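Chemist: Let me give you the structure first, and then I'll get to my questions.
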Amino acid sequence: MSVELVILVDEAGNATGSAPKATTHHAETPLHLAFSCYVFDRAGRLLMTQRAHDKSTFPGVWTNSFCGHPSPGEDIFEAVERRAGQELGLTLEALTLALPTFRYEATGANGVRENELCPVFTAIATSDATPEASEVAAVEWVGWSSVRDEVLAGERDVSIWCAAQIAELAGRELADGTFIPAAPADLPPAVRHPRGRPDRSELTDPASEM
């Protein structure tokens, strides 16, 4: 079995190396790259997930649809699609970058620290969720406006990063319930287009997706 690596970065998002994921998360977790995704169904409901109770970081906490880490040299859009399948058995469409430079730190009750530069994506599910039990304890589809309002009012308990991301997403929400898309050129340099592929902003005009 290959060792899963995470990309270590500096505060500007430049890659400084890599390290095994299994040994990266501890009380002094170094800054590394991750991603979060908010998956909606065609009715506009958001897929919320409860993290498995035996996860090393924030076990049992309710959060956004899923998170993950791009591997060294991996296109981050492809990493999001990969993780959707691994963790939730989902295929996605309309995968869109929303918050390219989201950054957070958080320490769980067990003392394990998250320290991530974590671009945020949105997507639409094209299949039903079939959660991987080792990753996800429970799932729930909830109306976005309900989640947004309850989180902003402090009436729904979610992960620290999810609460902060929802606050930022709310500030980019459009009248139709979608979000102002961000340009892939604004991603951290370490994952901007690692394979030398064209920047997706050159292929798709973000304004055409609004």
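In the numbering used here, the protein residues as written are 1397 to 1606.
Using N, Cα and C, we set each Cβ at its ideal position, and we do this for glycine too.
All figures in this text were calculated on a predicted structure; none of them were measured in a lab.
1) Within the continuous alpha helix (DSSP H) that includes S1414, where are the two ends?
2) Whose CA, out of C1558, L1443 and H1465, lies closest to the CA of M1420?
3) Assuming G1413 and A1586 form a contact by the criterion Cβ under 8 Å, report the distance between their Cβ atoms to the nearest whole angstrom.
4) Shortest alpha-carbon distance to W1458 belongs to which of T1522, T1445 and G1485?
5) May I ask whether a heavy atom of the ligand SAM can be found less than 7 Å away from the beta carbon of A1533?
6) Would a C-beta distance cut-off of 8 Å place I1520 and E1489 closer than the cut-off?
7) Name, in chain order, the residues that DSSP records as bridge partners for T1492.
8) Tell me which residues share the same chain as F1575 and place their Cβ nearer than 8 Å to its Cβ, disregarding the 5 neighbours each side in the sequence.
9) Considering only their Cβ atoms, is the gap separating F1498 from A1480 smaller than 8 Å?
Modeler: Judging by the given coordinates:
1) For this step, residue 1414 is matched to residue 18 along the sequence shown. Segment A1411 to P1416 is the beta strand (DSSP E) holding S1414; no alpha helix (DSSP H) there.
2) Translated into positions along the sequence shown, residue 1420 becomes position 24. Checking the sequence, you will find Thr at residue 1420 rather than Met. It is H1465.
3) Within the sequence shown, residue 1413 is the residue found at index 17, counting from 1. Within the sequence shown, residue 1586 is the residue found at index 190, counting from 1. Contact flag wrong, Cβ pair sits at about 10 Å.
4) One-based indexing of the sequence shown puts residue 1458 at position 62. Closest by alpha carbon: T1445.
5) Absence of the ligand SAM is noted for the structure shown, with no ligands found whatsoever.
6) If you number the sequence shown from 1, residue 1520 lands on position 124. If you number the sequence shown from 1, residue 1489 lands on position 93. Going by C-beta atoms, I1520 is nearer than 8 Å to E1489.
7) Taking the first residue of the sequence shown as 1, we reach residue 1492 at position 96. Answer by DSSP bridge pairing, in chain order: T1518.
8) Stepping through the sequence shown from its first residue, residue 1575 is reached at position 179. These residues qualify, in order along the chain: T1492, A1494, T1518, L1565, R1568 and E1569.
9) Within the sequence shown, numbered from 1, the residue matching residue 1480 stands at position 84. Within the sequence shown, numbered from 1, the residue matching residue 1498 stands at position 102. No.
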